[in-house]
Ligand SMILES: Nc1ncnc2c1ncn2[C@@H]1O[C@H](COP(=O)(O)OP(=O)(O)O)[C@@H](O)[C@H]1O
Ligand SMILES: [Mg+2]
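Printed below as a string of structure tokens:
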């Protein structure tokens, strides 16, 4: 018997097990906060493997992750059904902000810059091009809206709303982005931007959710990215952007119901996720520590 989850997120099924959670990554695909009808085969397993590997490189005590080995899950979850795509984690009181770090000027960050010359309401030098690398990674928090789209805010607003934690959220998010960026760059991959979530447990901030996956980050092949920047053409990335670009191209209004996704597009995204999985799983603790 497979129990019914206590909650269903857009992508994850969540079981509450006392002071722990079992997060089960499904193959559901969501973009612009809408869940699509076509699953992406194995996506849940790929994401779970990627995230679990990053957590295993970080010191325990900083994050929620316990194990992704289903044999260590409490009954009745220690069965094959939960293998590969599930993680047992510490339950926290979630902080309802997304801690976004951007190393490059892309997406909503570029749109804000183009409109008003700022990023998270901080002035940037004039004349920056789409996709350009920023002199310093920028922390650009967003309010996590359960209904509708996330809303970008200034760091000063985060400080007003969370005076006790804002500084730590920024410092830890930027530090982890920089560390992950450095190790991936050596392997020919750019981590363009990423989103972290944190939760409170016993008075401390723990890193929660998934981390540094192609659902929560933008990645690119470094050489292809540089070449595209020089050409001034479209920037190829190895993540959900593949599908977002397709959706923009067909002019979908981003309101449900979602359009059908051609298999060619989901396959392309799957191949990108596999490439990122292979690179991330090749990172050793020694490589990560330096
Ligand atoms: N350790 C944790 N404690 C509390 N909540 C968590 C923890 N880890 C992840 N979550 C939450 O579980 C949910 C994961 O499901 P997901 O499908 O990603 O949801 P969403 O639709 O909100 O993105 C997210 O809302 C995330 O904030
Ligand atoms: Mg999520």
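Residue numbers (the numbering used here): -13 to 276. For every residue, glycine included, the Cβ atom is placed at its ideal position computed from N, Cα and C. Predicted model, so just to flag it, every value in this text is computed and none were measured.
Residue 15 is a Cβ neighbour of residue 26, given a cutoff of 8 Å. Assignment of residue 108 by DSSP, reduced to helix, strand and coil, places it in the strand class.
Contact between residue 185 and residue 46 does not hold, since their C-beta atoms are separated by about 15 Å, which reaches or exceeds 8 Å.
One alpha carbon belongs to residue 0, the other to residue 7, and they sit about 7 Å apart. Relative to ligand 2, the beta carbon of residue -4 is positioned inside 7 Å of a heavy atom. Under a 10 Å Cβ-count criterion, residue 263 is classified as buried, with 16 or more other Cβ atoms of the shown protein chains found around its own Cβ. For secondary structure counted as the beta strand (DSSP E) over 3 or more consecutive residues, the region 96 to 162 holds these complete runs in sequence order: 119 to 125. Collapsing the DSSP output to three states places residue 59 in coil.
Between residue 31 and residue 266 the beta-carbon gap is near 13 Å, outside 8 Å, which marks them as no contact. By the CB criterion at 8 Å, residue 76 and residue 224 fall outside the cutoff. At a cut-off of 7 Å, the beta-carbon of residue 78 counts as near ligand 1: some heavy atom of the ligand is closer than that.
When C-beta atoms of the region 141 to 149 are compared with those of the region 61 to 72, fewer than three pairs fall below 8 Å, so the two segments do not count as touching. At a cut-off of 7 Å, the beta-carbon of residue 50 counts as near ligand 1: some heavy atom of the ligand is closer than that. DSSP, reduced to helix, strand and coil, places residue 172 outside both helices and strands of the structure shown, so it counts as coil. Counting the other Cβ atoms within 10 Å of the Cβ of residue -13 gives fewer than 16, which makes it exposed. Contact annotation: residue 44 and residue 271 have beta-carbon atoms that are not nearer than 8 Å. The Cβ atoms of residue 62 and residue -11 lie closer than 8 Å to each other. A residue is called buried once 16 or more other Cβ atoms fall within 10 Å of its Cβ, and residue 181 is buried on that count. DSSP places residue 41 outside any beta strand (DSSP E); the residue lies instead in the alpha helix (DSSP H), whose first and last residues are 29 to 43.
Taking C-beta atoms as the reference points, residue 204 and residue 220 fail to come closer than 8 Å.
Judged by DSSP in its simplified three-state form, residue 194 adopts strand.
In the displayed model, residue 17 falls within a strand according to three-state DSSP. With a threshold of 16 other beta carbon atoms within 10 Å, residue 102 falls short and is exposed.
Between ligand 2 and the CB of residue 195, the shortest heavy atom gap is smaller than 7 Å.
Bounds of the alpha helix (DSSP H) holding residue 215 are 208 to 217.
Proximity of the region 82 to 99 to the region 113 to 132 meets the contact definition, three or more beta-carbon pairs being nearer than 8 Å.
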